[in-house]
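Residue numbers for the sequence shown follow our numbering, beginning at 1 and rising by one.
Ideal Cβ positions, reconstructed from N, Cα and C, are used throughout, including at glycine.
All of these numbers come straight from a predicted model, not from anything done at the bench.
Take a look at the structure set out below.
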Amino acid sequence: DWTMAEFKAAKIAEIREQVGDGKVICGLSGGVDSAVAAVLIHEAIGDQLTCVFVDHGLMRQGEADQVVSLFRGHYHMPLVHRDVEEMFLSGLAGVTDPELKRKFIGKTFIDVFEEEAKEVGGADFLAQGTLYPDVIESVSFTGGPSVTIKSHHNVGGLPERMNMQLVEPLRELFKDEVRELGRELGLPDAFVGRHPFPGPGLAIRIPGEVTKERCDILRKADAIYLEEIRNAGLYDAIWQAFAVLLPVKTVGVMGDGRTYDNVCGLRAVTSTDGMTADVYPFDASFLTRVATRIVNEVKGINRVVYDYTSKPPGTIEWE
Ligand code: XMP
Numbered sequence: 001d002w003t004m005a006e007f008k009a010a011k012i013a014e015i016r017e018q019v020g021d022g023k024v025i026c027g028l029s030g031g032v033d034s035a036v037a038a039v040l041i042h043e044a045i046g047d048q049l050t051c052v053f054v055d056h057g058l059m060r061q062g063e064a065d066q067v068v069s070l071f072r073g074h075y076h077m078p079l080v081h082r083d084v085e086e087m088f089l090s091g092l093a094g095v096t097d098p099e100l101k102r103k104f105i106g107k108t109f110i111d112v113f114e115e116e117a118k119e120v121g122g123a124d125f126l127a128q129g130t131l132y133p134d135v136i137e138s139v140s141f142t143g144g145p146s147v148t149i150k151s152h153h154n155v156g157g158l159p160e161r162m163n164m165q166l167v168e169p170l171r172e173l174f175k176d177e178v179r180e181l182g183r184e185l186g187l188p189d190a191f192v193g194r195h196p197f198p199g200p201g202l203a204i205r206i207p208g209e210v211t212k213e214r215c216d217i218l219r220k221a222d223a224i225y226l227e228e229i230r231n232a233g234l235y236d237a238i239w240q241a242f243a244v245l246l247p248v249k250t251v252g253v254m255g256d257g258r259t260y261d262n263v264c265g266l267r268a269v270t271s272t273d274g275m276t277a278d279v280y281p282f283d284a285s286f287l288t289r290v291a292t293r294i295v296n297e298v299k300g301i302n303r304v305v306y307d308y309t310s311k312p313p314g315t316i317e318w319e
């Protein structure tokens, strides 16, 4: 039985062995996995690592700033922050199919990476925070051979043209182990304990077309929901909680007027690895409070629904 300290030491040796005196480029997504991978690799090879934060504008509220201040301010890591919101939003205009969204985002991510890799002066390795569940879910599920449920944008399909080898030090780990490794590496508890966030970001929480306006509406609703979850002391009991903005308009009434606005879906699940999940059973009074706040405070939403689907048969994300 390995302790996390031993795992860390072994991985650091392995990374040094693989990388030699080569240069590594690592994409930070804002999530825990890529952050832990980056800190681990930085500990192994120091400033041979450059982190690139491809800021696609599909992050949660305040997330981009947190990432930049943690890595530049706290860890003093070389970090390139590319603001490419425009590029992503214009490419996503008119795209409604979930797989096309994922493919576009994955491909564009890699394109931006390739540019940065050249800027850095020819990186030889690309580091990714791929976990064990990502590896198996992207390949197949138990219902049959090689059926892709959703293409994970951080796994596979790296164009040959990038001519870089992959460094994926978390490939054998489940999420709870990544968190333990993160703590072992001294990442702040609040950061390590954050709920998972998918690479394609808010784009897969906005069924239908993704626009800047919709992202802004969703960010506000999501922030209120998470604030209430934290205030109720429930954050750590939940694997993942987030709001979804539906492309469905319904009629409501506010003050003297009729409203005709979008529906917001709320999701919260418990899980140990994201592969199966149960619905989190909030009190009715909690959900009522969140719904009231969202409808009152977020312009563009006039109805809130709660998602009672477990995984399977549902997935955690809506796309
Ligand atoms: P699903 O929706 O497939 O999600 O039940 C399982 C877990 O994976 C996360 N997820 C992703 N993570 N890139 C990621 O890094 C992705 O493309 C992606 N899609 C889903 C999801 O948030 C959940 O934790």
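Quiz item: What do you reckon, are the CB atoms on Gly122 and Lys23 nearer than 8 Å?
Solution: Sequence index remark: in the sequence shown, residue 122 carries index 122 (1-based). Sequence index remark: in the sequence shown, residue 23 carries index 23 (1-based). Yes.
Quiz item: In this structure, does DSSP put Leu185 in helix, strand or coil?
Solution: As a working mapping, residue 185 is identified with position 185 in the sequence shown. Coil at Leu185, not helix or strand.
Quiz item: Whose C-beta lies closer than 7 Å to the C-beta of Gly144 among residues of the same chain, with five residues either side of it excluded?
Solution: The sequence position of residue 144 within the sequence shown is 144, counting from 1. Reliability of the predicted coordinates at Gly144 is poor, the pLDDT of 36 falling under 50, and the value obtained from them is presented with this limitation in mind. There are no such residues.
Quiz item: Using 8 Å as the Cβ pair cut-off and three pairs as the minimum, do the region 234-241 and the region 288-297 touch?
Solution: no
Exercise. With a cut-off of 8 Å on the beta carbons, I'd call Ala38 and Leu170 a contact; round off their distance for me.
Key: In the sequence shown, residue 38 corresponds to position 38, counting from 1. In the sequence shown, residue 170 corresponds to position 170, counting from 1. Not quite, the Cβ-Cβ distance comes to about 11 Å (not below 8 Å), so this is no contact.
Quiz item: On the three-state DSSP scale, how would you describe Arg267?
Solution: For the purposes of this step, residue 267 is taken as residue 267 along the sequence shown, with counting starting at 1. Note: Arg267 maps to strand in three-state DSSP.
Exercise. List the endpoints of the continuous beta strand (DSSP E) containing Pro247.
Key: The residue given as residue 247 occupies position 247 in the sequence shown. 240-254 is the extent of the beta strand (DSSP E) around Pro247.
Self-check item: Cβ-based burial, Ala10 [other Cβ within 10 Å; buried from 16]
Solution: In the sequence shown, residue 10 corresponds to position 10, counting from 1. Ala10 is exposed by the Cβ-count criterion.
Practice problem: Closer than 8 Å by C-beta to Asp124: which residues in its own chain qualify, once you throw out the five before and the five after it? Chain order, please. | Solution: Taking the first residue of the sequence shown as 1, we reach residue 124 at position 124. Closer than 8 Å at the Cβ level, and outside the excluded window around Asp124, lie Val19, Gly22, Lys23, Val24, Met164, Gln165.
Quiz prompt | Beta bridge counterpart(s) of Lys311 as assigned by DSSP | solution = Taking the first residue of the sequence shown as 1, we reach residue 311 at position 311. Partner(s): Ala277.
Quiz item: Do you know offhand how far Ile224's Cα is from Glu14's?
Solution: Sequence index remark: in the sequence shown, residue 224 carries index 224 (1-based). Sequence index remark: in the sequence shown, residue 14 carries index 14 (1-based). One C-alpha to the other measures close to 43 Å.
Quiz item: Would Leu79 be called buried (16 or more neighbouring beta carbons within 10 Å of its own) or exposed?
Solution: Looking up residue 79 in the sequence shown gives position 79. Per the 10 Å Cβ criterion, buried.
Quiz item: Hey, Lys175 and Pro196 are a contact pair by Cβ (cut 8 Å); roughly how many whole angstroms apart?
Solution: In the sequence shown, the residue the question calls residue 175 occupies position 175. In the sequence shown, the residue the question calls residue 196 occupies position 196. So it is a contact: roughly 7 Å between Cβ atoms.
Practice problem: Please work out which residues of its chain come closer than 7 Å, Cβ to Cβ, to Val67, disregarding the five sequence neighbours upstream and downstream, and give them in chain order. | Solution: In the sequence shown, residue 67 corresponds to position 67, counting from 1. Hits under 7 Å: Leu28, Gly30, Phe53.
Quiz item: Cβ of Gln240 versus every heavy atom of the ligand XMP: is any distance shorter than 7 Å?
Solution: Within the sequence shown, residue 240 is the residue found at index 240, counting from 1. Answer for Gln240: yes, Cβ within range of the ligand XMP.
Quiz item: the ligand XMP heavy atoms versus the CB of Arg303: any closer than 7 Å?
Solution: Along the sequence shown, one-based indexing puts residue 303 at 303. No, since every heavy atom of the ligand XMP falls outside the 7 Å radius drawn around the Cβ of Arg303.
Quiz item: Between Glu180 and Ala277, what straight-line distance do the alpha-carbon atoms span, to the nearest angstrom?
Solution: As a working mapping, residue 180 is identified with position 180 in the sequence shown. As a working mapping, residue 277 is identified with position 277 in the sequence shown. The straight-line gap from Cα to Cα measures roughly 21 Å.
Quiz item: Taking the C-alpha atoms as reference points, what is the distance between Glu185 and Thr288?
Solution: The residue given as residue 185 occupies position 185 in the sequence shown. The residue given as residue 288 occupies position 288 in the sequence shown. The residue asked about is misnamed: residue 185 is Leu in this sequence, not Glu. Each residue's Cα considered, the two are about 40 Å apart.
Quiz item: Do three or more CB pairs link the region 204-212 to the region 246-261 at distances below 8 Å?
Solution: yes
Self-check item: First and last residue of the uninterrupted beta strand (DSSP E) at Arg303
Solution: Against the sequence shown, residue 303 aligns to sequence position 303. Unbroken beta strand (DSSP E) run through Arg303: 301-306.
Quiz item: By DSSP, does Leu218 sit in helix, in strand, or in coil?
Solution: Your numbering for residue 218 matches position 218 in the sequence shown. Leu218 falls in the helix class under three-state DSSP.
Practice problem: Please list, in chain order, all residues of the same chain as Glu116 whose beta carbon is under 7 Å from its beta carbon, the five residues on each side excluded. | Solution: The residue you call residue 116 lines up with position 116 of the sequence shown. Only Ile25, Val52, Val80, Arg82 meet the Cβ criterion.
Practice problem: Mind reading off the beta-carbon distance from Leu58 to Phe104? Whole number of angstroms is fine, and I expect it under 8 Å. | Solution: Position 58 of the sequence shown, counted from the first residue, corresponds to residue 58. Position 104 of the sequence shown, counted from the first residue, corresponds to residue 104. That belief does not hold up - the Cβ atoms of Leu58 and Phe104 are roughly 12 Å apart, past 8 Å.
Exercise. Have a look at Ala291 and Ala64 and give me their C-alpha separation to the nearest angstrom.
Key: Reading the sequence shown from its first residue, position 291 is the one you call residue 291. Reading the sequence shown from its first residue, position 64 is the one you call residue 64. Between Ala291 and Ala64, the C-alpha separation is close to 26 Å.
Quiz item: Who are the near neighbours of Thr142 in its chain, counting only those whose CB is closer than 8 Å to its CB and skipping five residues on each side?
Solution: The count along the sequence shown starts at 1 and reaches residue 142 at position 142. Confidence at Thr142 is low in this model, with a pLDDT of 40, below 50, so its placement is unreliable and the value that follows should be read with caution. So no residue of the chain qualifies.
Practice problem: Quick one: residues in its chain with C-beta nearer than 6 Å to the C-beta of Val304, no 5 flanking neighbours on either side, listed in chain order? | Solution: Sequence index remark: in the sequence shown, residue 304 carries index 304 (1-based). Taken in chain order, the residues that qualify are Cys264, Ala291, Ile294.
Practice problem: Can you tell me which of Ala241, Leu173, Thr96, Val84 puts its alpha carbon nearest to the alpha carbon of Gln128? | Solution: As a first step, residue 128 is located in the sequence shown; it is residue number 128 there, counting from the start. When only C-alpha atoms are compared, the closest one is Leu173.
Practice problem: Find the nearest neighbour of Thr259 within the set Asn231, Leu218, Ile301, judged by alpha-carbon distance. | Solution: As a position in the sequence shown, residue 259 is number 259, starting the count at 1. Per the Cα distances, Ile301.
Practice problem: State yes or no: is the C-beta of Lys101 within less than 8 Å of the C-beta of Glu317? | Solution: Here the question's residue 101 lines up with position 101 in the sequence shown. Here the question's residue 317 lines up with position 317 in the sequence shown. Contact: no.
Exercise. Identify which residue in Ser271, Ala35, Glu177, Thr315 has its Cα closest to the Cα of Trp2.
Key: What you label residue 2 is simply residue 2 of the sequence shown in a count that begins at 1. If we check each option's Cα against that of Trp2, Glu177 comes out closest.
Quiz item: Applying the criterion that 16 or more other CB atoms from any shown protein chain within 10 Å of the CB defines a buried residue, is Asn231 buried or exposed?
Solution: For this step, residue 231 is matched to residue 231 along the sequence shown. When all chains shown are included, Asn231 counts as exposed.
Quiz prompt | Residue range of the alpha helix (DSSP H) that includes Asp55 | solution = Residue mapping note: residue 55 aligns to position 55 of the sequence shown, counting from 1. Here Asp55 belongs to no alpha helix (DSSP H); instead the beta strand (DSSP E) covers 49-55.
Self-check item: Heavy atom of the ligand XMP within 7 Å of Ile316 beta-carbon
Solution: Working through the sequence shown from its first residue, we reach residue 316 at position 316. The answer is yes for Ile316.
Quiz item: Is the closest heavy atom of the ligand XMP to the C-beta of Pro313 under 7 Å?
Solution: As a first step, residue 313 must be located in the sequence shown, where it is residue number 313. No, the ligand XMP has no heavy atom inside 7 Å of this Cβ.
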